[in-house]
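The structure appears right after this line, and notes come after that.
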Amino acid sequence: MVEKKTSGRPPDVAAGQAVKAAALQLIREKGYAKMSIAAIATKAGVARQTLYNKWTSKAELVLDAVFEETGRYASEPSAEAGEHCAEQLEAFLVDVFSHLTLDGDPLRALIAAAQEDEGFRTVFRERFVLPREKIVTALLQRAQQRGELGAERDPEMLSAFIHGAFWYRLLNGQPVTPALAKSITEEVFAR
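Using the numbering used here, you'd call the opening residue of the sequence shown number 19 and step up by one each time.
Here it is in structure tokens:
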């Protein structure tokens with residue numbers, strides 16, 4: 019999020035949480051296009067200016083709300099010595115997919131907003147897309163170091179393949195399931 023500098027009182031953390039919760043609830047109920055800053059403010063019980071003081075756009079507010087939720091589940095898998103990297107990748111994808119099922123509508127809306135606004139596209143890519151891509155790439159590099167993935171395989175390309183597979187399904191309204199996580203993992207580690 020690009021936080022604006024304001025003078026006066028410090029930001030109210032509880033109000034910020036209420037705003038993010040209201041935004042996610044409204045987007046799930048009404049959809050992104052029908053959700054307004056005014057409706058978010060009303061649902062959260064705050065003045066519209068509270069939102070404008072903290073977020074530069076509706077898209078950045080929704081990204082912040084989604085980002086906070088995803089921070090709880092899309093963290094890097096542990097590098098436990100006994101666990102095969104394929105198992106770690108599958109578990110990571112199952113976890114991500116379970117939340118994509120819940121957050122699919124907000125994410126589709128953010129992807130659409132990123133296509134229309136170059137500044138937001140940069141923010142979305144840097145804050146949301148790249149960190150998750152780096153997690154998967156690091157896991158695949160670790161798999162190579164451990165001899166679990168062939169040295170000829172390109173971890174960055176495989177990470178793009180993995181993300182492309184589930185983003186494509188998400189954007190087309192197809193399910194992202196544990197079975198998909200298993201299939202992707204098997205394809206990546208097949209050689």
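In this text, a Cβ means the ideal position worked out from N, Cα and C, and glycines have one as well. Given the structure is predicted, the values throughout are model-derived calculations rather than measurements.
Here Gly182 carries a helix assignment [DSSP, helix/strand/coil].
Nearest to Thr74 by C-alpha distance, out of Asp135, Phe146 and Leu44, is Asp135. The region 100–107 makes contact with the region 151–161, as at least three CB pairs between them are under 8 Å. With contacts defined by Cβ atoms closer than 8 Å, Leu128 and Val194 do not form a contacting pair. Going by C-alpha positions, Leu81 is about 12 Å away from Asp123.
When DSSP states are grouped into helix, strand and coil, Glu151 belongs to the helix group.
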